[in-house]
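Participant:
2 protein chains.
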Amino acid sequence: MVTSEFQRARRPEHKEQRREAILAAARTLATRDGVREVNLGDIAAEVGVHKSALLRYFETREEIYLHLTAEGWADWTAALSIALAEAEPTPAAVAATITRTLVERPLFCDLLAHAPLNLERNVSLESVRAFKVASLSRVGEISELIGTALPALGKSGGRKAVAAIAAFAATFWQTSHPGEVLAQLYDELPELGHTVRDFAGRLEESTAAMLAGLASTVS
Amino acid sequence: MVTSEFQRARRPEHKEQRREAILAAARTLATRDGVREVNLGDIAAEVGVHKSALLRYFETREEIYLHLTAEGWADWTAALSIALAEAEPTPAAVAATITRTLVERPLFCDLLAHAPLNLERNVSLESVRAFKVASLSRVGEISELIGTALPALGKSGGRKAVAAIAAFAATFWQTSHPGEVLAQLYDELPELGHTVRDFAGRLEESTAAMLAGLASTVS
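Same order as they appear, the protein sequences are chains A and B. Okay, so the first sequence: first residue is 1 according to UniProt numbering, each after it adds one. Okay, so the second sequence: first residue is 1 according to UniProt numbering, each after it adds one.
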């Protein structure tokens, strides 16, 4: 049993280690099974402790995943700051680059839909404040990166682009990862599922159109 | 008690009346409190019957709301077929018309996020098949309506427009209707919530840019 070791964490660096172990377990399980499938008991079992031990480090299952969403925004920002610097300044090239960075981050795409619908609604004011301040700061950075990659957009167009791209990624990720019953229907009637299952294709195409439209309409 | 009357519904027209009463109650409660807040017990109480009585008419709470989502697609299609016929053939005018029809349908906007994330995942194969076939047929009709209103898009551009607009409506509706704790944060720090709370403004602006982009990129 790891439980007693877990309970003895009194020094700050040990507490931080415990938090990291919990986040790593939550990350592993959600990457494998999808965010919706993982509950607090699953995370506790993966860490090797009782559920109640987790609650000394995080308020709720949702706080754990909101933390991973904030981490996802930071990680995506870092990736974009490198990738966009090398992209041709066209809507199509920037869309392809953005899509590639999102396709490489399946857990973040899954979390993007769960954050507003579930995660943000089941945490304390302090936790949601920390999350919003951190993630909106990343949104601001990404807005600038996109506005720099496509100067016709500017920062205001960049901000609208981030909101649209996050909406596409959140929505198209869920529709391209249907539940068991819907997946069965798509196997039975492939013409129903053909388009929606192509996450990367839909995301890139929609992002390219949105960036072209913002470049032509933003003043 | 209405229960015994409810239980005696054996003739098809009476069964249909019961189903309608259940759907009406689910519609009323979700319009008032939001889809997420309504459970099967609430709907039963609103109808005036025991929860178990509902399960003779619908499989789950989710089937009830999936039915209302299909109804929402049909109703939105009908509204667009009238409204788009009168819109100027510009991205901005078409976006304003589409936005108005969605703002007038708050329950449908709320359901758009819940359908792929929750509703479609908690019903039988038969129910999800009926829903998908019906709603994809409406998506096809709306694609044609948008393609006719903006001939530069054509039906293929129309289809991409519907997917994008549904993603915007689903995402921006949820962010513009935060939970209690997040609403408290937005009151405390208005600069965080200012933009996201303007559902109609964000939807219209994003839709206009998307339509302009599709008009310039669709071949």
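We put the beta carbon where it would ideally sit given N, CA and C, even for glycine.
Considering residue 28/B, what are the terminal residues of the alpha helix (DSSP H) in which it resides?
Facilitator: As a first step, residue 28/B is located in the second sequence; it is residue number 28 there, counting from the start. First-last of the alpha helix (DSSP H) with residue 28/B: 12-33.
Participant: Straight-line CA distance for residue 137/B to residue 177/B?
Facilitator: On the second sequence, position 137 is the one that residue 137/B refers to. On the second sequence, position 177 is the one that residue 177/B refers to. Near 29 Å, if we compare the C-alpha coordinates of residue 177/B and residue 137/B.
Participant: Below 6 Å CB to CB, which residues in the same chain sit around residue 147/B once its five sequence neighbours on both sides are set aside?
Facilitator: As a working mapping, residue 147/B is identified with position 147 in the second sequence. 153, 154, 155 and 158.
Participant: Just to confirm, are residue 214/B and residue 160/B a CB contact at a threshold of 8 Å?
Facilitator: Taking the first residue of the second sequence as 1, we reach residue 214/B at position 214. Taking the first residue of the second sequence as 1, we reach residue 160/B at position 160. Yes, these two residues count as a Cβ contact at 8 Å.
Participant: Mind checking which residues open and close the alpha helix (DSSP H) that includes residue 172/A?
Facilitator: Within the first sequence, residue 172/A is the residue found at index 172, counting from 1. Where residue 172/A is concerned, the enclosing alpha helix (DSSP H) stretches over 154-176.
Participant: Output needed for residue 150/B: all residues of its chain with C-beta closer than 7 Å, excluding positions within five of it in sequence on either side, in chain order.
Facilitator: Along the second sequence, one-based indexing puts residue 150/B at 150. For residue 150/B, where only same-chain residues beyond five positions count, the Cβ hits under 7 Å are 89, 91, 94, 211 and 215.
Participant: Buried or exposed: where does residue 163/A fall if 16 or more other Cβ atoms within 10 Å of its Cβ makes it buried?
Facilitator: Within the first sequence, numbered from 1, the residue matching residue 163/A stands at position 163. When all chains shown are included, residue 163/A counts as buried.
Participant: Using a Cβ-Cβ cut-off of 8 Å, state whether residue 192/B counts as contacting chain A.
Facilitator: Within the second sequence, residue 192/B is the residue found at index 192, counting from 1. Residue 192/B counts as touching chain A.
Participant: Scan the region 39-75 of chain B and note each continuous alpha helix (DSSP H) run of 4 residues or more that stays entirely inside, going in chain order.
Facilitator: Within the region 39-75 of chain B, the complete alpha helix (DSSP H) runs of at least 4 residues are 40-47 and 51-54.
Participant: Consult DSSP for residue 139/B and reduce its assignment to one of helix, strand or coil.
Facilitator: Numbered from its first residue, the second sequence carries residue 139/B at position 139. DSSP places residue 139/B in helix when its eight states are reduced to three.
Participant: Does DSSP classify residue 151/B as helix, strand or coil?
Facilitator: For the purposes of this step, residue 151/B is taken as the residue at position 151 of the second sequence. Three-state result, residue 151/B: coil.
Participant: For residue 107/B versus residue 203/B, is the C-beta spacing smaller than 8 Å?
Facilitator: Your numbering for residue 107/B matches position 107 in the second sequence. Your numbering for residue 203/B matches position 203 in the second sequence. Taking 8 Å as the Cβ cut-off, residue 107/B and residue 203/B do not qualify as a contacting pair.
Participant: Kindly list the residues whose CB is nearer than 8 Å to the CB of residue 13/A, restricted to its own chain and excluding five residues on each side of it in sequence; keep chain order.
Facilitator: Counting from one through the first sequence, the residue named residue 13/A turns up at place 13. Cβ neighbours of residue 13/A beyond the five flanking positions: none.
Participant: In whole angstroms, what is the alpha-carbon distance linking residue 64/B and residue 115/B?
Facilitator: As a position in the second sequence, residue 64/B is number 64, starting the count at 1. As a position in the second sequence, residue 115/B is number 115, starting the count at 1. Approximately 11 Å, taken between the alpha carbons.
Participant: Going by C-alpha distance, which of 27/B, 172/B and 195/B is nearest residue 67/B?
Facilitator: Within the second sequence, the letter at position 67 stands for residue 67/B. Measuring from the Cα of residue 67/B, the nearest candidate turns out to be 27/B.
Participant: Select from 29/A, 10/A and 33/A the residue whose C-alpha is nearest the C-alpha of residue 46/A.
Facilitator: Numbered from its first residue, the first sequence carries residue 46/A at position 46. Among 29/A, 10/A and 33/A, the Cα nearest to that of residue 46/A is on 29/A.
Participant: Could you please tell me which residues of the region 142-155 of chain A, in chain order, have their CB closer than 8 Å to any CB of chain B?
Facilitator: Those residues of the region 142-155 of chain A that come within reach of chain B (Cβ to Cβ, closer than 8 Å) do not exist; the list is empty.
Participant: Would you say residue 208/B reaches chain A, if we count a Cβ-Cβ gap shorter than 8 Å as a contact?
Facilitator: Position 208 of the second sequence, counted from the first residue, corresponds to residue 208/B. Closer than 8 Å to some Cβ of chain A, the Cβ of residue 208/B qualifies, so yes.
Participant: Within the chosen definition, does the region 169-183 of chain B reach the region 109-125 of chain B through at least 3 CB pairs nearer than 8 Å?
Facilitator: The region 169-183 of chain B vs the region 109-125 of chain B: in contact.
Participant: Give the DSSP-derived three-state secondary structure of residue 206/A in the structure shown.
Facilitator: In the first sequence, the residue the question calls residue 206/A occupies position 206. Residue 206/A: helix per DSSP, three-state reduction.
Participant: Flag this pair as yes or no: are the beta carbons of residue 125/A and residue 189/B separated by less than 8 Å?
Facilitator: Walking along the first sequence from the start, residue 125/A turns up at place 125. Walking along the second sequence from the start, residue 189/B turns up at place 189. It is not a contact, given that the beta carbons lie outside the stated cut-off.
Participant: At 3 residues or longer, what runs of the beta strand (DSSP E) sit wholly inside the region 84-140 of chain A?
Facilitator: You should have found no qualifying run.
Participant: Give the secondary structure of residue 196/B by DSSP, where H, G and I count as helix, E and B as strand, and everything else as coil.
Facilitator: For the purposes of this step, residue 196/B is identified with residue 196 of the second sequence, where counting begins at 1. Three-state result, residue 196/B: coil.
Participant: CB-CB under 6 Å to residue 69/A, same chain, minus the five flanking residues each way: which ones, in chain order?
Facilitator: On the first sequence, residue 69/A is found 69 positions in, with the first residue counted as 1. Cβ within range, chain order: 111 and 115.
Participant: What would DSSP say about residue 189/A, mapped onto helix, strand or coil?
Facilitator: In the first sequence, residue 189/A corresponds to position 189, counting from 1. Note: residue 189/A maps to coil in three-state DSSP.
Participant: Please check if any C-beta of chain A sits within less than 8 Å of the C-beta of residue 89/B.
Facilitator: The count along the second sequence starts at 1 and reaches residue 89/B at position 89. Taking Cβ atoms only, chain A never reaches closer than 8 Å to residue 89/B, which makes this a no.
Participant: Tell me whether residue 201/B sits in a helix, a strand or coil according to DSSP, three-state version.
Facilitator: Here residue 201/B refers to the residue found at position 201 of the second sequence. Helix.
Participant: From residue 1/A to residue 48/A, what distance separates their C-alpha atoms?
Facilitator: Numbered from its first residue, the first sequence carries residue 1/A at position 1. Numbered from its first residue, the first sequence carries residue 48/A at position 48. Because the pLDDT at residue 1/A is just 45, under 50, the model does not fix this residue reliably, and the value given afterwards should be weighed accordingly. Each residue's alpha carbon lies about 7 Å from the other.
Participant: Relative to the C-alpha of residue 78/A, which residue among 32/A, 139/A and 43/A is closest?
Facilitator: Translated into positions along the first sequence, residue 78/A becomes position 78. If we check each option's Cα against that of residue 78/A, 139/A comes out closest.
Participant: Between residue 219/B and chain A, is any beta-carbon pair separated by less than 8 Å?
Facilitator: Translated into positions along the second sequence, residue 219/B becomes position 219. Note on residue 219/B: pLDDT 49, under 50, position unreliable in the model; the coordinate value appears next. Answer no: the Cβ-Cβ gap between residue 219/B and chain A never drops below 8 Å.
Participant: Relative to the C-alpha of residue 165/A, which candidate in 196/A, 100/A, 50/A and 207/A has its C-alpha closest?
Facilitator: For the purposes of this step, residue 165/A is identified with residue 165 of the first sequence, where counting begins at 1. It is 207/A.
Participant: Rank 209/A, 61/A and 24/A by C-alpha distance to the C-alpha of residue 127/A and give the top, closest one.
Facilitator: Position 127 of the first sequence, counted from the first residue, corresponds to residue 127/A. Taking only the C-alpha atoms, the option nearest residue 127/A is 61/A.
Participant: Please report how far the alpha carbon of residue 39/B lies from the alpha carbon of residue 42/A, in whole angstroms.
Facilitator: The sequence position of residue 39/B within the second sequence is 39, counting from 1. The sequence position of residue 42/A within the first sequence is 42, counting from 1. Cα to Cα, residue 39/B sits roughly 25 Å from residue 42/A.
Participant: Pull up the distance between the alpha-carbon of residue 168/A and that of residue 167/B, whole angstroms please.
Facilitator: The residue given as residue 168/A occupies position 168 in the first sequence. The residue given as residue 167/B occupies position 167 in the second sequence. For residue 168/A and residue 167/B, the distance between alpha carbons rounds to 6 Å.
Participant: Contact criterion: CB-CB distance below 8 Å. Does residue 135/A meet it with respect to chain B?
Facilitator: Taking the first residue of the first sequence as 1, we reach residue 135/A at position 135. Answer no: the Cβ-Cβ gap between residue 135/A and chain B never drops below 8 Å.
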